[in-house]
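**Q**
Residue numbers (our numbering), protein chains in the order written: chain A, 1 to 334; chain B, 1 to 286.
#1: Is residue 34 (chain B) helix, strand or coil by DSSP?
#2: Ignore the nearest five residues each way along the sequence and tell me which others in residue 332 (chain A)'s own chain have a CB closer than 6 angstroms to its CB.
#3: Return the CA-CA distance between residue 188 (chain A) and residue 219 (chain B), expressed in angstroms with no decimal places.
#4: Is the CB-CB distance between residue 205 (chain A) and residue 143 (chain A) below 7 angstroms?
#5: Under 7 angstroms, do residue 113 (chain B) and residue 27 (chain A) count as touching if we go by C-beta distance?
#6: For the region 307-325 of chain A, enumerate the residues whose C-beta is nearer than 8 angstroms to any C-beta of chain B, in chain order.
#7: Could you pull the DSSP bridge partners for residue 45 (chain B) from this structure?
#8: Quick one: grab the DSSP three-state call for residue 282 (chain A).
#9: Taking 7 angstroms as the cut-off, decide whether the C-beta atoms of residue 146 (chain A) and residue 7 (chain B) are in contact.
#10: Can you pull the chain B neighbours of residue 203 (chain A), defined as C-beta to C-beta under 8 angstroms?
#11: State the start and end residues of the unbroken alpha helix (DSSP H) segment that holds residue 152 (chain B).
#12: Using DSSP with H/G/I as helix, E/B as strand and the rest coil, what is residue 122 (chain A)?
#13: Rounding to the nearest angstrom, what Cα-Cα distance links residue 104 (chain B) and residue 32 (chain B) in this structure?
#14: Please classify residue 303 (chain A): is it buried, with 16 or more other beta-carbons within 10 angstroms of its beta-carbon, or exposed?
#15: For residue 63 (chain A), name the three-state secondary structure that DSSP assigns.
#16: Note down the Cα distance separating residue 334 (chain A) from residue 171 (chain B), rounded to an integer number of angstroms.
#17: Can you give the beta carbon distance from residue 160 (chain B) to residue 213 (chain B), rounded, assuming they're within the 8 angstroms contact cut?
#18: For residue 276 (chain B), which residues in the same chain have their Cβ closer than 6 angstroms to its Cβ, ignoring the five residues on either side in sequence?
#19: Going along the chain, which residues of the region 61-81 of chain B sit with their C-beta nearer than 9 angstroms to a C-beta in chain A?
#20: Which chain B residues are close to residue 283 (chain A), counting only those with a beta carbon under 9 angstroms from its beta carbon?
#21: Can you find at least 3 beta carbon pairs, one from the region 55-65 of chain B and one from the region 215-225 of chain A, that sit closer than 8 angstroms?
#22: Could you list the residues in the region 239-252 of chain B with a C-beta less than 9 angstroms from some C-beta on chain A, going in chain order?
#23: How would you write the range of the alpha helix (DSSP H) that residue 200 (chain A) sits in, first residue to last?
#24: Kindly indicate if chain B contains any beta-carbon less than 7 angstroms away from that of residue 220 (chain A).
#25: Give the C-beta separation of residue 217 (chain A) and residue 151 (chain A) to the nearest angstrom, bearing in mind that I take them to be a contact with Cβ-Cβ under 8 angstroms.
#26: Pull out every residue of the region 266-277 of chain B whose Cβ sits closer than 7 angstroms to any Cβ of chain A, in chain order.
#27: Would you call residue 6 (chain A) buried or exposed, if buried means 16 or more other Cβ atoms sit within 10 Å of its Cβ?
#28: According to the Cβ coordinates, are residue 116 (chain B) and residue 227 (chain B) closer than 7 angstroms?
#29: Determine the closest residue to residue 253 (chain A) out of A:118, A:325, A:171, A:60, with distance taken between C-alpha atoms.
#30: Who are the neighbours of residue 46 (chain B) on chain A, taking C-beta pairs under 7 angstroms?
#31: Could you say which of A:197, A:61, A:17 lies nearest to residue 134 (chain A) if we only look at CA atoms?
#32: Any Cβ of chain B within less than 7 angstroms of the Cβ of residue 24 (chain A)?
#33: In the structure shown, what three-state DSSP assignment does residue 222 (chain B) receive?
#34: Which residue comes first and which comes last in the alpha helix (DSSP H) that contains residue 46 (chain A)?
#35: For the ligand MN, is there a heavy atom less than 6 angstroms away from the beta-carbon of residue 111 (chain A)?
As structure tokens, this is what we get:
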């Protein structure tokens with residue numbers, strides 16, 4: 001649409017957008033400040049933007065011991081973990097097959113994650129993090145693999161059955177998840193699967209599946225049929241041509257869908273709250289900070305909030321363009 | 001692709017949806033016909049439709065439905081209008097667009113429980129919004145049965161406006177250039193372009209955002225859980241939250257199942273036209 005040339009109008013537009021940005025990020029910025037405040041600063045009647053920062057809240061949240069007892073080994077392990085992430089992100093530049101690099105990094109990362117609690121005496125919050133990682137990664141793997149197969153099948157099989165499946169999936173997408181989770185709760189209690197990762201993962205996969213197949217299908221529809229037909233003429237079967245030809249060019253679509261799945265699994269509160277008792281995930285762990293009169297409570301809750309949010313923000317900022325493309329794809333088609 | 005390969009590809013996903021969505025849903029209907037508490041989990045007692053009539057005669061159920069509908073009536077239009085406003089502003093500029101969009105993603109991707117906790121802190125005593133309201137308007141905000149429901153609605157607008165903004169902004173980039181050019185040649189003002197070209201073009205997106213928003217608002221739970229601190233005095237229960245309470249706080253599992261079946265029926269009333277529309281669209285493509 002026509003852009004205004006009026007300089008005053010342009011300035012006003014920038015001011016409005018700047019205010020909108022402040023409105024979007026100020027609460028989180030305020031929480032970051034609270035997370036490094038002493039309780040007396042955080043509980044002041046007049047909001048304090050200037051104060052002496054402290055790391056106490058984070059060590060109280062993550063560790064059972066005082067910071068002095070924080071063994072150098074622990075720091076070393078955390079450092080190793082960051083190095084692993086950096087290696088994994090620059091896998092393309094390392095003269096070894098990517099898969100070897102990834103598997104090595106994941107393997108080493110798991111060892112570090114398992115060894116850490118023994119060395120630095122981590123608090124419960126660390127267990128919530130591990131639970132969250134297990135549930136999120138499990139949901140991602142199961143959901144994307146079966147979702148990609150189904151999305152591909154639905155994109156290629158032009159038959160009324162495909163439409164039925166898609167429409168029913170859409171109806172499922174709108175269901176209040178409580179309608180599904182209460183029977184799960186009941187059956188979980190009876191079968192002994194209550195409070196296990198596996199039950200939560202499968203529940204999240206199910207809730208997420210309708211969205212996954214719709215989104216992946218729309219990405220597969222954009223890939224011309226000729227590509228896999230060429231591979232099939234060369235003698236590859238459907239599955240082989242899918243894995244070796246289609247999936248490699250579909251990475252952007254899979255990453256986009258994966259991001260939405262990741263947000264759903266990592267951010268989920270209701271399902272985890274109902275299906276777990278002690279194996280809490282991070283959102284359930286943080287929700288315990290919703291009450292209480294203890295003055296240290298605000299700062300601890302803030303440290304917890306920042307700890308829960310930072311990983312997801314880092315991932316989102318890193319893959320921002322995929323997320324925005326995913327949101328916009330609804331737009332382009334509409 | 002033949003039928004056999006199709007079943008091979010789609011089978012696992014359909015199986016998961018059948019086993020983990022259809023069956024629980026049917027189980028919900030049946031469990032709703034039993035009297036179940038934590039004490040008789042393994043020996044539910046058949047009571048027919050009593051739970052269903054119980055729910056329909058429960059004034060708290062209707063209260064929570066009423067609040068949910070008020071929530072939808074305010075939050076959904078507000079998200080679309082604000083989203084359109086900021087999408088139009090973004091459309092006017094080119095510099096720093098990425099920064100504005102990235103910042104807007106923060107409330108959108110943040111874990112809802114955490115987002116609500118943070119949001120509440122801003123309005124709680126000693127929080128910046130609380131302080132500025134007091135300084136500028138001499139208004140002292142207390143958490144009570146008027147403000148907490150409003151904060152719940154405001155919070156949902158805060159988190160969902162960026163979604164509407166990004167979708168509508170992407171839609172604005174696909175406006176038909178010929179129509180815009182024709183409108184310009186005819187001397188149409190910006191407002192006339194908006195009204196006659198942009199809004200009709202974005203119509204299907206408004207429906208898309210509206211439906212997603214209605215579905216998500218209908219099942220809002222996390223923000224109620226955090227903002228009310230599970231305290232009934234704020235009188236801000238949504239239907240999902242009340243359902244959760246009946247299940248876990250009151251331990252009436254049978255009644256809770258009956259209630260969730262009824263809420264599913266409720267959302268289907270809204271949804272059926274949309275499903276029919278989708279069915280037509282998809283069969284026409286072929």
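Yeah, the Cβ is synthetic: ideal placement off N, Cα and C, and Gly gets one too. Since this is a predicted model, take the numbers as computed values, not measurements.
**A** Once the coordinates are examined:
#1: Locating residue 34 (chain B) in the second chain gives position 34, counting from the first residue. Three-state result, residue 34 (chain B): strand.
#2: Indexing the first chain from 1 puts residue 332 (chain A) at position 332. Unreliable positioning characterises residue 332 (chain A) in this predicted model, as indicated by a pLDDT of 49, which lies under 50. The coordinate reading is nonetheless provided below. Nothing meets the Cβ criterion.
#3: As a first step, residue 188 (chain A) is located in the first chain; it is residue number 188 there, counting from the start. As a first step, residue 219 (chain B) is located in the second chain; it is residue number 219 there, counting from the start. Taking the straight line joining both Cα atoms gives about 23 angstroms.
#4: If you number the first chain from 1, residue 205 (chain A) lands on position 205. If you number the first chain from 1, residue 143 (chain A) lands on position 143. Contact flag set, yes.
#5: Position 113 of the second chain holds residue 113 (chain B). Position 27 of the first chain holds residue 27 (chain A). No, the Cβ-Cβ distance between residue 113 (chain B) and residue 27 (chain A) is not below 7 angstroms.
#6: 308, 309, 312, 313, 316, 317, 320, 323, 324
#7: By one-based count along the second chain, residue 45 (chain B) stands at place 45. According to the DSSP secondary-structure assignment, residue 45 (chain B) is paired through a beta bridge with B:35.
#8: Counting from one through the first chain, the residue named residue 282 (chain A) turns up at place 282. Looking at residue 282 (chain A) - three-state DSSP - the assignment turns out to be helix.
#9: Counted from its first residue, the first chain places residue 146 (chain A) at position 146. Counted from its first residue, the second chain places residue 7 (chain B) at position 7. No, they are not a contact pair.
#10: Taking the first residue of the first chain as position 1, residue 203 (chain A) is located at position 203. Simply 20.
#11: Against the second chain, residue 152 (chain B) aligns to sequence position 152. First-last of the alpha helix (DSSP H) with residue 152 (chain B): 147-172.
#12: As a first step, residue 122 (chain A) must be located in the first chain, where it is residue number 122. Strand at residue 122 (chain A).
#13: If you number the second chain from 1, residue 104 (chain B) lands on position 104. If you number the second chain from 1, residue 32 (chain B) lands on position 32. About 42 angstroms.
#14: Indexing the first chain from 1 puts residue 303 (chain A) at position 303. Buried, because 16 or more other Cβ atoms sit within 10 Å of the Cβ of residue 303 (chain A).
#15: By one-based count along the first chain, residue 63 (chain A) stands at place 63. If DSSP states are grouped into helix, strand and coil, residue 63 (chain A) belongs with the strands.
#16: Position 334 of the first chain, counted from the first residue, corresponds to residue 334 (chain A). Position 171 of the second chain, counted from the first residue, corresponds to residue 171 (chain B). Its pLDDT being 37, under 50, residue 334 (chain A) is placed unreliably in this model, and the coordinates cannot settle the point.
#17: To locate residue 160 (chain B), count along the second chain from 1; it is residue 160. To locate residue 213 (chain B), count along the second chain from 1; it is residue 213. With a Cβ gap of about 6 angstroms, residue 160 (chain B) and residue 213 (chain B) count as contacting.
#18: Numbered from its first residue, the second chain carries residue 276 (chain B) at position 276. Counting only Cβ-Cβ distances below 6 angstroms, and skipping sequence neighbours, we find nothing.
#19: Interface annotation for the region 61-81 of chain B against chain A: empty, criterion Cβ-Cβ distance under 9 angstroms.
#20: Reading the first chain from its first residue, position 283 is the one you call residue 283 (chain A). Within chain B, the residues near residue 283 (chain A) are 111, 112, 113, 114, 222.
#21: no
#22: Shown in chain order are the members of the region 239-252 of chain B whose Cβ falls below 9 angstroms from a Cβ of chain A: 239, 240, 243, 244, 247, 248.
#23: Taking the first chain and counting its residues from 1, the one referred to as residue 200 (chain A) is at position 200. Start and end: 197-221.
#24: For the purposes of this step, residue 220 (chain A) is identified with residue 220 of the first chain, where counting begins at 1. Answer no: the Cβ-Cβ gap between residue 220 (chain A) and chain B never drops below 7 angstroms.
#25: On the first chain, position 217 is the one that residue 217 (chain A) refers to. On the first chain, position 151 is the one that residue 151 (chain A) refers to. Correct: roughly 4 angstroms between the Cβ atoms.
#26: 267, 271, 275
#27: Position 6 of the first chain holds residue 6 (chain A). Exposed is the call here.
#28: By 1-based counting over the second chain, the position of residue 116 (chain B) is 116. By 1-based counting over the second chain, the position of residue 227 (chain B) is 227. Contact: yes.
#29: In the first chain, residue 253 (chain A) corresponds to position 253, counting from 1. Nearest C-alpha to residue 253 (chain A): A:325.
#30: Counting from 1 along the second chain, the entry for residue 46 (chain B) is found at position 46. What residue 46 (chain B) touches in chain A: nothing, since even the nearest Cβ is about 15 angstroms away.
#31: Translated into positions along the first chain, residue 134 (chain A) becomes position 134. Selected option, being the one with the closest Cα: A:197.
#32: Taking the first residue of the first chain as 1, we reach residue 24 (chain A) at position 24. Closer than 7 angstroms: yes.
#33: Against the second chain, residue 222 (chain B) aligns to sequence position 222. Three-state result, residue 222 (chain B): helix.
#34: The residue you call residue 46 (chain A) lines up with position 46 of the first chain. No alpha helix (DSSP H) contains residue 46 (chain A), which DSSP labels as neither H nor E.
#35: You won't find the ligand MN in this model; it holds no ligand whatsoever.
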